[in-house]
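J.: Below you'll find the structure I mean.
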């Protein structure tokens, strides 16, 4: 099932450039794994902001929380979750 | 290029059931046309609200405005537009 | 799976007392059915407001939307949905 | 009587990992005690956020404040309290 | 126990002057009864606004809701409830 | 004359426990003095938050500012002031 | 003593042009009287909005409420009141 | 001097199509006159909303208010005004 | 021309008492100069908050920005600017 | 195509004056380059705040994000992006 997730990243200035780079690299690796597994179905950058809009396809809120709370940047993100479903005017048979 | 669009629909109680049905049917027909043409790339219902989250793929803000402002329910919608772009951690080469 | 749902009811003054009573009675019957079926697991009144806080246990966002959007008072409600999951400090094995 | 309590946790980055772990462990022990005593009737994790939604069953605002203000993570929590009561459409005789 | 209650009144323009007068008069009578009974412990007008700040002393959220939801002006009020308790720096022994 | 004052306290984590204790103790002594003098007519704790709701009875905004700005915790408080007056439905002859 | 008052006017479209003109004319007459008496010390229009920023010099919240609540446009105004006092860096001896 | 003005238009549903058309046509004529005179220096449509972002070049707040408050759609607009000035990093010598 | 300016001051706790005193003293000197020159026409303290409400009389937004951005406390202030003009119901011939 | 961009700058107090000066100088150089290239079409200072209002003319959200996210002050800015298009009442044939 689908969840719309908006993530705003605010890394504190006290972290060193090395720590930030390591976090971003780890986040990138994890985001790619989750895209390949199909759980992170869409991932877009919000133009002009250190933020993304994502669509997750997971088995439910527990799996979603498990994924999000283990992201390397989770401690530095403000996250808003919105459950989605198929729209009655969609031309697709499922929630794609 | 991609735009994230959230639409909240608030139809005034003064409209008759026939007017509302006609508006919804016209909206549905138009939404399907735009999905088939590729401009309305994704359309999801927000669970529990008369609202949707959509992704539009258009040539720019003018085409986006032209499409949205001609939707039959446009006078009754609160709309928020956010420009998107490819995320550097996306596993895709384009903004899909 | 669980969803936290807050509903604020605002019935327009233009409805007659009969229409309001019929709506409230239909809402009440439906709410009781859904509680008995287990889908509407908890239903509490917010003290001092025409509003409730509810916990729904459904198969996913589609079933939740199906239930909420068919409530008799749906056109007059402002609804906020929050997906929940088991808390790691819960003394229960499931999400109860 | 029942109170709906939402807690958002924001632990400052300046705390050491050991301090954070000790706080979380103490919080967990206390949360379990309070659930067993019946005062913390429900405890759910909000999916995707370091936050919970809880239902407390206490003798009144004084006991509620006493409990919340002594939680180990209290200095790091943003808390919103909403008093609840039995809903007239509830199928239960009490406020469960 | 004590609850802090803020009430903002917005009477729709469609009501006749007679209806408004009758509502205000009924509200006044009821407010005085509740003050005399001790349930509505304090009642102040907010300077410059059709609003009040009140302190209620009731047996719990159910009695508070019962009182507020039966006020003649309830359908036209926006209400915010905040549970209070004795402050540790109070010079009084109870929550007065 | 009466002023409704809400105070939210946020003490920065960088203060030592000794500094915090000294501040709180000084605040407590001053709050008691002001209650005894009659200027701080009511003082209640907001359940679940490090905040209070107070009623001040002072000669005007200058005295109110003088009192509030000299509170030991003033640099760490977010304060909202609302002027009050006697409510026309009050059963008292003055603004009590 | 001084109070800063912001007033936003929203006259409902259902009023006739004659009613609106009569209200505005009555408001104007009353505003001038209050300026001449010294109670309404300053009155400025907010550029681009049907709103004003005012400074009242009154004996306290009761007189302020009495004045504001009797303004002809009071039922159609959103009002925010802020108590002021002399600034310690003012070059004047009083609160002018 | 320059002012940044955002206008959101909300025409009430109770107006007839003829009234709305006449208002929009009058607004259009006036907007063009003001652009030609140089007072309305820039006028852009906000994509997806019945709103515009404008830059006015006027002699001061009085002229700005005079212009805005006489626009045919003024009674139906929510307006926000922000004064601008030349940016120190601008490559232009004036505020263009 | 007139501008309504609200300034909220938030000095970070990391500044030493000497730095804060020097800043406040410099701010005070500058505020008095600007009042004497006529540019800072009114300056009032907001009761209960480290904030002021001011009226500036300047030649336009550039002079206003020049004045405000050079205030010693500018880096620590949250500022909101609102352009004002003479109110049609003012008893004065100018914008005083 | 055009995008309306608002930037609020908040440089943390922990940066040294040298670091801040270097950042501002680098920002200034880059802003001038982008204005000369035509991408940063307009740049205005918001009077009284460390903020600007800008109009960018770019090939789409990707180029806009590329430009904004490489600005030297980007880590210290709060940015809001609004896509614009030609207004139907504009006297110009394009979106100027």
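Chains as they are written, first to last, in the numbering used here: chain A, 642 to 737; chain B, 642 to 737; chain C, 642 to 737; chain D, 642 to 737; chain E, 642 to 737; chain F, 642 to 737; chain G, 642 to 737; chain H, 642 to 737; chain I, 642 to 737; chain J, 642 to 737. Even for Gly, the Cβ is constructed at its ideal location relative to N, Cα and C. Predicted model, so just to flag it, every value in this text is computed and none were measured.
#1: Any beta carbon of chain D sitting closer than 8 Å to that of residue 705 of chain A?
#2: Short of 7 Å in beta carbon distance, which residues of its chain neighbour residue 671 of chain F, apart from the five on each side in sequence? Order them along the chain.
#3: Locate the alpha helix (DSSP H) running through residue 709 of chain G, then write down its first and last residues.
#4: Would you say residue 646 of chain D faces chain F, with C-beta separation under 8 Å as the test?
#5: Report yes if the C-beta of residue 655 of chain I is less than 7 Å from at least one heavy atom of the ligand HEM; otherwise report no.
#6: Chain E partners of residue 696 of chain G, CB-CB under 7 Å?
#7: Name the chain D residues that come within less than 9 Å of residue 667 of chain C, Cβ to Cβ?
#8: Taking Cβ-Cβ distances below 9 Å as the criterion, which residues of the region 677-696 of chain G are in contact with chain F?
#9: Using the beta-carbon of each residue, which ones in chain B are nearer than 7 Å to residue 653 of chain C?
#10: Could you give the DSSP three-state label for residue 656 of chain H: helix, strand or coil?
#11: With DSSP as the reference, label residue 724 of chain A as helix, strand or coil.
#12: By how many angstroms is the C-alpha of residue 653 of chain I removed from the C-alpha of residue 654 of chain D?
#13: List the residues of chain B whose Cβ lies closer than 9 Å to the Cβ of residue 664 of chain A, in chain order.
#14: Is residue 714 of chain H close to chain I, meaning its C-beta is less than 8 Å from at least one C-beta of that chain?
#15: When you compare the CB of residue 583 of chain A with every CB in chain D, is at least one pair closer than 8 Å?
#16: If distances are taken between C-alpha atoms only, which option among B:732, B:717 and B:690 comes closest to residue 790 of chain C?
#17: My understanding is that residue 699 of chain C touches residue 725 of chain D, with C-beta atoms under 8 Å, so please give their C-beta distance in whole angstroms.
#18: Find the residues of chain I that neighbour residue 673 of chain G, judging by a C-beta separation of less than 8 Å, and give them in chain order.
#19: May I have the straight-line CA-CA distance separating residue 666 of chain A from residue 715 of chain A, to the nearest angstrom?
#20: Do you know how far the Cα of residue 673 of chain G is from the Cα of residue 683 of chain I?
#21: Take the Cβ of residue 679 of chain I as the centre, count every other Cβ of all protein chains shown within 10 Å, and call the residue buried at 16 or more, exposed below.
#22: If you follow the beta strand (DSSP E) that residue 696 of chain F is part of, which residue opens it and which one closes it?
#23: Would DSSP call residue 686 of chain J helix, strand or coil?
#24: Quick one: does residue 709 of chain J have its CB under 8 Å from some CB of chain A?
#25: Could you check how far apart the C-beta atoms of residue 648 of chain C and residue 693 of chain C are, in whole angstroms? I think they sit under 8 Å.
#26: Using only the alpha-carbon positions, how far apart do residue 644 of chain C and residue 681 of chain B sit?
#27: Using a threshold of 8 Å, state whether the C-beta atoms of residue 727 of chain E and residue 729 of chain D are closer than that.
#28: By Cβ distance, which residues of its chain are closer than 7 Å to residue 656 of chain H, with the 5 residues on each side in sequence left out?
#29: Could you pull the start and end residues of the beta strand (DSSP E) that residue 642 of chain E belongs to?
#30: Rounding to the nearest angstrom, what Cα-Cα distance links residue 676 of chain J and residue 707 of chain J in this structure?
#31: Closest to residue 696 of chain D by C-alpha separation, out of C:717, C:697, C:685 and C:735, would be which residue?
#32: Could you check what DSSP says for residue 649 of chain I in three-state terms: helix, strand or coil?
#33: Less than 8 Å between the CB atoms is what I'm expecting for residue 709 of chain C and residue 720 of chain C, so what's the real figure, rounded?
T.: Taking the geometry as given:
#1: Within the first chain, the letter at position 64 stands for residue 705 of chain A. Taking Cβ atoms only, chain D reaches closer than 8 Å to residue 705 of chain A, which makes this a yes.
#2: Position 30 of the sixth chain, counting from 1, holds the residue named residue 671 of chain F. The answer, listed in chain order, is 712 and 713.
#3: Here the question's residue 709 of chain G lines up with position 68 in the seventh chain. Note, residue 709 of chain G: alpha helix (DSSP H), 702-710.
#4: The residue labelled residue 646 of chain D in the question sits at position 5 within the fourth chain. Chain F, which has a Cβ nearer than 8 Å to the Cβ of residue 646 of chain D, makes this yes.
#5: You won't find the ligand HEM in this model; it holds no ligand whatsoever.
#6: Taking the first residue of the seventh chain as 1, we reach residue 696 of chain G at position 55. Ordered by position in chain E, no residue passes the 7 Å Cβ test against residue 696 of chain G, which lies about 13 Å from the chain.
#7: If you number the third chain from 1, residue 667 of chain C lands on position 26. Within 9 Å Cβ-Cβ: nothing; residue 667 of chain C doesn't reach chain D, min ~11 Å.
#8: none
#9: Looking up residue 653 of chain C in the third chain gives position 12. Simply 654.
#10: For the purposes of this step, residue 656 of chain H is taken as the residue at position 15 of the eighth chain. In the structure shown, residue 656 of chain H sits in coil (DSSP, three-state: anything other than H, G, I, E or B).
#11: As a working mapping, residue 724 of chain A is identified with position 83 in the first chain. The answer is strand: DSSP assigns residue 724 of chain A an E or B state.
#12: Numbered from 1 along the fourth chain, position 13 holds the residue referred to as residue 654 of chain D. Numbered from 1 along the ninth chain, position 12 holds the residue referred to as residue 653 of chain I. Looking at the two C-alpha atoms, the distance is approximately 18 Å.
#13: Along the first chain, read from residue 1 onward, the residue named residue 664 of chain A stands at position 23. What residue 664 of chain A touches in chain B: nothing, since even the nearest Cβ is about 13 Å away.
#14: Here residue 714 of chain H refers to the residue found at position 73 of the eighth chain. For residue 714 of chain H, the answer is no, since every Cβ of chain I falls outside 8 Å of its Cβ.
#15: Because chain A here runs from 642 to 737, residue 583 of chain A falls outside it and cannot be looked at.
#16: The structure shown does not extend to residue 790 of chain C, since chain C spans only 642 to 737, so no value can be given for it.
#17: As a first step, residue 699 of chain C is located in the third chain; it is residue number 58 there, counting from the start. As a first step, residue 725 of chain D is located in the fourth chain; it is residue number 84 there, counting from the start. Not confirmed; about 22 Å, so no contact.
#18: Locating residue 673 of chain G in the seventh chain gives position 32, where the first residue counts as 1. Those are 730 and 732, listed as they occur along chain I.
#19: Against the first chain, residue 666 of chain A aligns to sequence position 25. Against the first chain, residue 715 of chain A aligns to sequence position 74. Approximately 14 Å between the Cα atoms of the pair.
#20: Residue mapping note: residue 683 of chain I aligns to position 42 of the ninth chain, counting from 1. Residue mapping note: residue 673 of chain G aligns to position 32 of the seventh chain, counting from 1. Cα to Cα, the separation comes out at about 22 Å.
#21: In the ninth chain, residue 679 of chain I corresponds to position 38, counting from 1. Under this definition residue 679 of chain I is an exposed residue.
#22: Here residue 696 of chain F refers to the residue found at position 55 of the sixth chain. Segment 692-698, the beta strand (DSSP E) holding residue 696 of chain F.
#23: Position 45 of the tenth chain, counted from the start, is the residue given in the question as residue 686 of chain J. Residue state, collapsed to three classes: strand.
#24: Working through the tenth chain from its first residue, we reach residue 709 of chain J at position 68. So, interface residue.
#25: Taking the third chain and counting its residues from 1, the one referred to as residue 648 of chain C is at position 7. Taking the third chain and counting its residues from 1, the one referred to as residue 693 of chain C is at position 52. At roughly 5 Å, the Cβ-Cβ gap stays under 8 Å, so residue 648 of chain C and residue 693 of chain C are in contact.
#26: To locate residue 644 of chain C, count along the third chain from 1; it is residue 3. To locate residue 681 of chain B, count along the second chain from 1; it is residue 40. One C-alpha to the other measures close to 29 Å.
#27: Reading the fifth chain from its first residue, position 86 is the one you call residue 727 of chain E. Reading the fourth chain from its first residue, position 88 is the one you call residue 729 of chain D. It is not a contact, given that the beta carbons lie outside the stated cut-off.
#28: In the eighth chain, the residue the question calls residue 656 of chain H occupies position 15. Hits under 7 Å: none found.
#29: Along the fifth chain, read from residue 1 onward, the residue named residue 642 of chain E stands at position 1. Unbroken run through residue 642 of chain E: none, as it is neither H nor E.
#30: Here residue 676 of chain J corresponds to residue number 35 of the tenth chain, with the count starting at 1. Here residue 707 of chain J corresponds to residue number 66 of the tenth chain, with the count starting at 1. Rounded to whole angstroms, residue 676 of chain J to residue 707 of chain J spans 15 Å at the Cα level.
#31: Start at 1 with the first residue of the fourth chain, and residue 696 of chain D comes out as number 55. Ranking C:717, C:697, C:685 and C:735 by Cα distance to residue 696 of chain D puts C:685 first.
#32: For the purposes of this step, residue 649 of chain I is taken as residue 8 along the ninth chain, with counting starting at 1. Correct three-state label for residue 649 of chain I: strand.
#33: Walking along the third chain from the start, residue 709 of chain C turns up at place 68. Walking along the third chain from the start, residue 720 of chain C turns up at place 79. Confirmed, about 6 Å.
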